[in-house]
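Note that the sequence shown ends on residue 173 in the numbering used here; no numbers are left out.
We put the CB at the ideal spot given by N, CA and C, even for glycine.
Worksheet: one structure, shown below.
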Amino acid sequence: MSWKVYTKGFRSFLLLERSLSENSIEAYLHDVEKLVGFLELHGHALSPKDIQLEHLQKFLQWVTETDMSAASQARIISGIKSFYKYLLLENVLSIDPTALLEAPKLSRKLPDTLNLEEINALIGAIDLSGSGGQRNKAMLETLYSCGLRVSELVGLKISNLFFKEDYIKVTGK
1 MSWKVYTKGF RSFLLLERSL SENSIEAYLH DVEKLVGFLE LHGHALSPKD IQLEHLQKFL
61 QWVTETDMSA ASQARIISGI KSFYKYLLLE NVLSIDPTAL LEAPKLSRKL PDTLNLEEIN
121 ALIGAIDLSG SGGQRNKAML ETLYSCGLRV SELVGLKISN LFFKEDYIKV TGK
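What follows is the structure, encoded as structure tokens:
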């Protein structure tokens, strides 16, 4: 079977089984496309079943030689590994050629945060006389007080709010 057939199935798997966002799905598929492009560029018209560790190591060497950050390289490796884990789950393969691949080590730093004065200044700057003022204030207060990501706030539905119990059900990372 061709790469297209497997990537189509992979897309469905990411959407239905892993419940990933469309942006995440596109990133994973783009990583697989990078691998396919590399293989074609180097004369390896192989199906996903025929890929060996040596092909993947050459691909990783190529990725490392680009100007991509270590985080981008790690994400590409993660995308390729996820694709091959999917192929294992679907019994397309019996051995994972990505098992020995290692992503570059990433230094993890904590995100910058706003202090209380900055939060109060931000909330105080909202024009409450405008049509969206109260909404905007409620959104900022919810982001801050619950520690939500913007994507988590945007994904909230009325059914996620439990006023009597004083909690919000958040779905996200």
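With a cutoff of 7 Å on beta-carbon distance, A74 and L106 are scored as near each other. Annotation for K4: the continuous alpha helix (DSSP H) segment containing it runs 3-12. Close CB contacts of L100 within its chain, under the 7 Å cut and outside five residues either way in sequence, are with L53 (chain order). F83 places its beta carbon 7 Å or farther from that of W62.
In summary, Y167 is exposed, with fewer than 16 beta-carbon neighbours lying within 10 Å of its beta-carbon over all protein chains present. When Cβ pairs closer than 8 Å are counted between the two stretches, the segment 120-131 is seen not to touch the segment 44-59, the count staying below three. In the displayed model, F59 falls within a helix according to three-state DSSP.
A distance below 7 Å between beta-carbons, with the five flanking residues on each side excluded, links I76 to the following residues of its chain, in chain order: D31, K34, V63. Partner residues in the beta bridge of L161, as assigned by DSSP, are I168.
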